[in-house]
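In full-length UniProt numbering, the protein residues as written are 1 to 690.
Beta carbons: idealized from backbone N, C-alpha and C, even for Gly.
These numbers were taken from a predicted model, which means no experiment stands behind them.
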Amino acid sequence: SRLRREDALRILSGLGYLRDPTKALHRSMQDEAGKAADAQRSVAQEIDGQEEDGSDPILTGFKWFLVRKEALAVVTIMRQSSKFNASMRVKGEHELLKGFIEIRSRISPWRVSKISKILSPFIDVIMSPDTTGAMTSAALSACEKFIVNGIIMAGGQMEQVIEGVLACQFEQSDLSGDEVVISQMFHVLVCAMESDLSEKCSSDLILETLQTILRVSMELRFSEMLRRQAENAFSRMVHALFSRLPRFLDSLPITCRRFKQHILRTSLLASPSPSIKMSEEREFSSLPSVVSWLLTPSRAKSAPIPQPDFNRGGQASELCVEESSTSEVSPSIDKQEEFLAKVIAIVAELIEPSESRSDTLRCLALSLLNFGIHLSSSRLLKSSLIRTVLCLHVLTGLARTALDPTVEPHILAEVMTVVHSMFVHLRDGLRQQLEVMISKLILAILEDRMTSDACKEVVLEAIGDLCLHGSFLSDIYVNYDCSLHNRNLFDNLTKSLCKQAFPSSGLLLSSHLIAFRAIVSGLQGISSRISRRLLQQSPDRHVSAAAGILSQKLSKQKQIKRRYLMATEHFNRDVKKGLAMLTKSGLLRSKDEGGAKDLAIFFKAGPALGLDKRIIGDYIGEREEFNQEVLREFTKLFQFHGDTVEQALRVYLESFLLPGESQKIDRITEAFAQNYFEQQKTGSEEGGRD
Numbered sequence: 001s002r003l004r005r006e007d008a009l010r011i012l013s014g015l016g017y018l019r020d021p022t023k024a025l026h027r028s029m030q031d032e033a034g035k036a037a038d039a040q041r042s043v044a045q046e047i048d049g050q051e052e053d054g055s056d057p058i059l060t061g062f063k064w065f066l067v068r069k070e071a072l073a074v075v076t077i078m079r080q081s082s083k084f085n086a087s088m089r090v091k092g093e094h095e096l097l098k099g100f101i102e103i104r105s106r107i108s109p110w111r112v113s114k115i116s117k118i119l120s121p122f123i124d125v126i127m128s129p130d131t132t133g134a135m136t137s138a139a140l141s142a143c144e145k146f147i148v149n150g151i152i153m154a155g156g157q158m159e160q161v162i163e164g165v166l167a168c169q170f171e172q173s174d175l176s177g178d179e180v181v182i183s184q185m186f187h188v189l190v191c192a193m194e195s196d197l198s199e200k201c202s203s204d205l206i207l208e209t210l211q212t213i214l215r216v217s218m219e220l221r222f223s224e225m226l227r228r229q230a231e232n233a234f235s236r237m238v239h240a241l242f243s244r245l246p247r248f249l250d251s252l253p254i255t256c257r258r259f260k261q262h263i264l265r266t267s268l269l270a271s272p273s274p275s276i277k278m279s280e281e282r283e284f285s286s287l288p289s290v291v292s293w294l295l296t297p298s299r300a301k302s303a304p305i306p307q308p309d310f311n312r313g314g315q316a317s318e319l320c321v322e323e324s325s326t327s328e329v330s331p332s333i334d335k336q337e338e339f340l341a342k343v344i345a346i347v348a349e350l351i352e353p354s355e356s357r358s359d360t361l362r363c364l365a366l367s368l369l370n371f372g373i374h375l376s377s378s379r380l381l382k383s384s385l386i387r388t389v390l391c392l393h394v395l396t397g398l399a400r401t402a403l404d405p406t407v408e409p410h411i412l413a414e415v416m417t418v419v420h421s422m423f424v425h426l427r428d429g430l431r432q433q434l435e436v437m438i439s440k441l442i443l444a445i446l447e448d449r450m451t452s453d454a455c456k457e458v459v460l461e462a463i464g465d466l467c468l469h470g471s472f473l474s475d476i477y478v479n480y481d482c483s484l485h486n487r488n489l490f491d492n493l494t495k496s497l498c499k500q501a502f503p504s505s506g507l508l509l510s511s512h513l514i515a516f517r518a519i520v521s522g523l524q525g526i527s528s529r530i531s532r533r534l535l536q537q538s539p540d541r542h543v544s545a546a547a548g549i550l551s552q553k554l555s556k557q558k559q560i561k562r563r564y565l566m567a568t569e570h571f572n573r574d575v576k577k578g579l580a581m582l583t584k585s586g587l588l589r590s591k592d593e594g595g596a597k598d599l600a601i602f603f604k605a606g607p608a609l610g611l612d613k614r615i616i617g618d619y620i621g622e623r624e625e626f627n628q629e630v631l632r633e634f635t636k637l638f639q640f641h642g643d644t645v646e647q648a649l650r651v652y653l654e655s656f657l658l659p660g661e662s663q664k665i666d667r668i669t670e671a672f673a674q675n676y677f678e679q680q681k682t683g684s685e686e687g688g689r690d
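Structure representation (structure tokens):
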């Protein structure tokens with residue numbers, strides 16, 4: 001017990017109870033080196049045996065050396081920390097270093113199928129909470145280079161990188177250093193989204209990525225620079241996703257077949273020269289929407305026209321979505337359609353005013369929507385789901401933003417830009433919605449005395465841009481003013497412009513000049529259109545006759561609408577005076593000659609003309625025989641084929657207000673139930689014959 005420790009070790013070693021530590025360590029290193037050499041030889045033999053198999057190629061020289069270089073870069077930074085620089089003699093290498101050492105120890109390149117194994121050590125460093133910001137940044141930089149240089153070749157590998165970046169953790173240091181790492185995360189995610197392999201990634205993963213970037217952009221504890229970088233990253237990602245829209249929409253089957261037929265029919269009627277090509281600009285100038293009530297009046301009268309209720313406070317209660325017949329598509333297309341619709345909805349949600357969203361982010365969202373509409377144009381209408389998102393999210397967001405009393409002029413300018421793009425590219429499929437945007441948004445802002453002069457100038461500039469399209473005023477006159485089911489947009493818009501152009505106070509402002517320029521642009525468009533038609537008169541008498549018939553129908557329809565408007569004013573004051581006015585105008589026949597049907601048609605078109613809905617409900621709920629006949633004819637004007645009871649009842653009750661008496665309600669609901677049952681029965685029989 002009195003011997004020193006060194007003497008005891010020497011004695012035990014001499015007796016053979018303890019080996020020489022130096023020799024033992026030397027033999028251990030020789031054994032490890034031998035095992036590593038054997039493993040490398042076996043791997044090399046395995047690779048050489050698979051060289052001839054072309055189904056699993058190896059990485060090229062540049063890519064292989066890039067992997068080795070990035071692995072060395074990460075290991076070098078990690079070795080600078082005492083945590084990862086422990087001696088192998090004590091407890092071996094750290095788990096995070098073993099993958100990099102394996103990459104560096106290989107003498108032959110990896111197979112492409114093993115790329116996930118190459119990525120694993122880099123992803124582990126990114127996800128580990130024990131690493132510093134510098135280590136995480138080096139691993140992120142390596143992943144970015146792997147994406148840019150095409151080392152990642154499969155969707156699963158790209159998902160592996162994205163999931164790792166979203167789960168990134170590292171030791172917290174100073175705020176500026178942490179933001180550098182987060183900025184590096186943005187670069188990797190943007191590269192991943194802009195890669196073609198992102199199309200093979202999970203939709204939920206991409207949506208999670210977008211939401212993560214948005215959370216950073218709204219986090220006030222981060223610096224302004226980092227939040228701007230997050231907004232820029234979000235913008236680039238959405239640009240990449242919206243770039244898929246045209247290719248995806250081209251692969252969709254046409255869902256609005258009846259609508260496409262209308263375009264062709266109208267082009268024959270309105271275009272005097274059959275040699276003129278139908279471009280996007282001439283589709284609306286050929287007035288496609290007119291045919292929906294000109295050539296198929298029975299369908300037009302029965303078409304539900306629920307009107308949204310916009311208040312000045314920015315509330316939009318409803319935006320109608322006209323359903324179209326859809327054909328069966330594959331589940332993968334359905335999933336992709338749903339994903340793109342969700343992306344549009346996420347961007348549209350950023351439009352609406354909120355304390356957590358900066359004006360910069362809202363303007364960015366509006367710019368992205370404008371980009372998507374310009375890029376895909378009318379092809380967006382091929383997807384019924386995207387049309388629904390446009391109506392319920394985009395248009396609602398635009399309305400709430402524009403009608404916000406505190407809206408800034410530069411945000412309102414972006415809103416007007418999106419409205420302009422929708423009118424130019426999506427006018428054929430959003431006829432009712434655009435009517436609401438013009439009447440309840442643009443005109444409402446101009447007529448509101450609380451609107452600032454700067455905001456009025458923005459709206460007037462937007463109207464002037466629309467008037468630069470030569471057919472704008474003519475087309476809204478034909479599509480809305482000549483329709484019994486729409487407001488007189490042309491009359492209201494021109495009156496508002498004339499009012500804004502006249503300096504009532506005697507002081508000439510810039511807004512007066514802008515309004516006057518818009519009027520002049522509209523008149524020039526009408527003049528140019530007339531000149532073109534005179535120069536392009538077709539010698540074909542059939543085409544000329546068709547154009548003449550269309551003009552006569554429009555004139556007649558406008559005359560009927562004027563009479564309806566006069567009768568509506570009398571009806572709202574006194575029902576008997578209204579009936580007398582309809583009879584005097586020749587719009588209401590006697591009871592024996594179909595007067596009930598005439599009155600039902602008037603009630604159906606009445607709400608769009610300003611008729612009080614309470615008058616309609618009280619009249620059709622009365623128990624007199626003529627009133628009951630009007631109720632039956634009124635109910636027949638609705639088409640409920642293929643609708644559920646809830647959908648049909650909602651459309652039916654939107655056209656009038658239920659009276660308060662229970663007996664009147666009972667008569668109305670009974671008429672609805674009978675008509676709904678008969679239409680469903682007829683529809684099922686026709687489907688069976690088909």
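Item: First and last residue of the uninterrupted alpha helix (DSSP H) at K145; Value: G133 to V148
Item: For G642, three-class secondary structure by DSSP; Value: coil
Item: Contact between the region 360–371 and the region 227–235 (3+ Cβ pairs under 8 Å); Value: yes
Item: Whether Q184 touches S137 by CB criterion (7 Å); Value: yes
Item: Cβ-based neighbour list, E51, same chain, cut-off 7 Å, excluding 5 preceding and 5 following; Value: Residue placement at E51 is poorly supported in this model, since its pLDDT is 42, which falls under 50; the coordinates still yield a value, given next. Excluding sequence neighbours, E51 sits near nothing in its chain.
Item: Supposed contact pair L119 and Q160 - C-beta distance, whole angstroms, cut 8 Å; Value: 6 Å
Item: Alpha-carbon spacing of S496 relative to T406, whole angstroms; Value: 23 Å
Item: Spatially closest choice to K613 from D124, E414 and V575, by CA coordinates; Value: V575
Item: Beta-carbon proximity of M193 to A167, cut-off 7 Å; Value: no
Item: Three-state secondary structure (DSSP) of H469; Value: coil
Item: Close-in-space but distant-in-sequence residues of the same chain around L368 (CB under 6 Å, 5 per side omitted); Value: V238 and V347
Item: L473 versus S504: straight-line alpha-carbon distance, rounded; Value: 25 Å
Item: Where M218 sits in the DSSP three-state scheme; Value: helix
Item: 8 Å contact criterion, which R104 and A139 should meet: CB distance rounded; Value: Incorrect: roughly 15 Å between the Cβ atoms, too far for contact.
Item: Neighbourhood of G133 by C-beta distance below 8 Å, restricted to the same chain and skipping five residues each side; Value: F170, E171, S173, G177, D178, V180 and V181
Item: Enclosing alpha helix (DSSP H) for N627 [first to last residue]; Value: E625 to K636
Item: Cβ neighbour criterion (16 or more within 10 Å) applied to residue 701; Value: In the structure as shown, the chain starts at 1 and stops at 690, and residue 701 therefore has no counterpart that could be examined.
Item: Which of helix, strand or coil DSSP assigns to V611; Value: For clarity, residue 611 is Leu in the given sequence; the question names Val instead. Of the three classes helix, strand and coil, the one that applies to L611 here is coil, per DSSP.
Item: Within 7 Å, strictly: CB atoms of F640 and F603; Value: no
Item: Cβ neighbours of E219 in the same chain (closer than 8 Å, five flanking residues each side left out); Value: R227
Item: 8 Å CB neighbourhood of V645 in its chain, flanking five on each side removed; Value: Y676
Item: CA-to-CA distance, G606 to H485, given in whole angstroms; Value: 8 Å
Item: Cβ-heavy atom distance, L631 to the ligand HEM, below 6 Å; Value: As far as ligands go, the structure on display features none, and thus does not contain the ligand HEM.
Item: Exposed unless 16 or more other CB atoms sit within 10 angstroms - verdict on F571; Value: buried
Item: C-alpha distance - S556 paired with L364, whole-angstrom precision; Value: Note on identity: in this sequence residue 556 is Lys, with Ser being the wrong assignment. K556 and L364: Cα-Cα distance of roughly 47 Å.
Item: CB-CB length for F242 against F371, believed under 8 Å; Value: 6 Å
Item: Euclidean distance between Cα positions of Y652 and G610; Value: 18 Å
Item: Simplified DSSP assignment, three categories, for I344; Value: helix
Item: For F516, three-class secondary structure by DSSP; Value: helix
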